[in-house]
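Residue numbers (the working numbering): 5 to 216. Inspection log for the structure reproduced underneath, given as structure tokens.
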Amino acid sequence: VGALGDYTKFKDEDVLNKMYEIAPYARYGLFNNMAVLAEIPYRNIKTRLDDKEQGLGDIRLGLEFLPWEDIFRYPWIMPHVTVSLPSGDEDKGLGQGETAGTFGVAVGTGVEDVLHFIADARYEVISNSDTSDDNVASLAGSIIWDLSAQFSLIGEAKVTNEDNAPYDGTPVYFDGGMSYKALENLSFMVFAGSSQNTDEDFTGNMKISYSF
Numbered sequence: 005v006g007a008l009g010d011y012t013k014f015k016d017e018d019v020l021n022k023m024y025e026i027a028p029y030a031r032y033g034l035f036n037n038m039a040v041l042a043e044i045p046y047r048n049i050k051t052r053l054d055d056k057e058q059g060l061g062d063i064r065l066g067l068e069f070l071p072w073e074d075i076f077r078y079p080w081i082m083p084h085v086t087v088s089l090p091s092g093d094e095d096k097g098l099g100q101g102e103t104a105g106t107f108g109v110a111v112g113t114g115v116e117d118v119l120h121f122i123a124d125a126r127y128e129v130i131s132n133s134d135t136s137d138d139n140v141a142s143l144a145g146s147i148i149w150d151l152s153a154q155f156s157l158i159g160e161a162k163v164t165n166e167d168n169a170p171y172d173g174t175p176v177y178f179d180g181g182m183s184y185k186a187l188e189n190l191s192f193m194v195f196a197g198s199s200q201n202t203d204e205d206f207t208g209n210m211k212i213s214y215s216f
């Protein structure tokens, strides 16, 4: 169990100014190689006209499956699926107003239990969309460097084919952060990043998790 926190600062030409989101979450292992998860976000947004809205965002439900893992734990393959429910008010900017499903697969490997590399391909499908142009494909990669058993540095990058008019070019997101294991079951993660060819100027993220 834990909590996810997100902060987004939008570019000056965008109507939106800032957005905050806090999402309590839970992840439960049904089997050794399968887990389900749920996130319940609460959003707070502000426009450049000083309009403010806050409330429940789109609830996310997910499933992760690990069908294959090397006997030494690397490499591994993990298909996953997430369903986003239209629980947030679209008119207030708290949700997208449609049910969406994201299907993906992650592949990871490691070097001497110190460096870890992960590639993740995803495809998001909007349920009631009139055209497939609203669907979004993305490819992301990350590298994790374990400096110790408690502390790690993390770098991530993602490209998508989403339409981010009026911006030209392929949307690219990138961030970096760190993970700290304070106790055997308690971990903290913080990230900061930006993007190109999108309306997002700066993003900050945090995660607190406790494992049973």
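Note that the Cβ used here is the ideal one computed from N, Cα and C, for glycine as well. All figures in this text were calculated on a predicted structure; none of them were measured in a lab.
Exercise. Look up I49 in the DSSP assignment and give the residues it is bridged to.
Key: Answer by DSSP bridge pairing, in chain order: M23 and E57.
Quiz item: Can you name the residues that DSSP bridges to D10?
Solution: Its beta-bridge partners are E25 and N209.
Exercise. Measure from the alpha carbon of P28 to the alpha carbon of each residue in Q58, W149, R47 and D18, then state which is nearest.
Key: Considering only Q58, W149, R47 and D18, the residue with the shortest C-alpha distance to P28 is R47.
Self-check item: A110 vs V129 beta-carbon contact at 8 Å
Solution: For A110 and V129, no; Cβs fall outside 8 Å.
Quiz item: In its own chain, which residues sit with a C-beta less than 6 Å from the C-beta of G9, not counting the 5 before and 5 after it?
Solution: I26 and M210.
Quiz item: Which whole-angstrom value is the C-beta distance of V176 and N139, which I expect to be below 8 Å?
Solution: In fact, because the Cβ distance is near 19 Å, the residues do not count as touching under 8 Å.
Self-check item: Inter-residue Cα distance where the pair is W72 and M82
Solution: If you draw a straight line from the Cα of W72 to the Cα of M82, it is about 8 Å long.
Exercise. May I ask you to check if the CB of I122 is nearer than 7 Å to at least one heavy atom of the ligand ADP?
Key: The ligand content of the structure shown is nil, which means the ligand ADP is not present either.
Exercise. Pick helix, strand or coil for D117, following the three-state DSSP scheme.
Key: Taken through DSSP and simplified to helix, strand or coil, D117 comes out as coil.
Quiz item: In chain order, what residues of the same chain lie with their CB nearer than 8 Å to the CB of P90, ignoring the 5 residues before and after it?
Solution: D62, G99, Q100, G101, E102 and T103.
Quiz item: With G108 and H84 assumed to form a contact (beta carbons below 8 Å), what rounded beta-carbon distance in angstroms separates them?
Solution: Right, their Cβ atoms sit about 5 Å apart.
Quiz item: Distance, Cα to Cα, D205 vs G97?
Solution: The alpha-carbon separation between D205 and G97 amounts to approximately 18 Å.
Quiz item: Among residues of its own chain, excluding the 5 on either side of Y11, which ones have a beta-carbon nearer than 6 Å to its beta-carbon?
Solution: Within the same chain, Y11 has close Cβ partners Y24 and G208.
Quiz prompt | Exposure label - E94; buried when at least 16 CB within 10 Å | solution = That one is exposed.
Practice problem: With a 10 Å radius around its C-beta and 16 neighbouring C-beta atoms as the bar for buried, classify S215 as buried or exposed. | Solution: Exposed: under 16 other Cβ atoms inside 10 Å.
Quiz prompt | Which listed residue (G6, L20 and V5) has its alpha carbon closest to that of D203 | solution = Minimum Cα distance to D203 is reached at L20.
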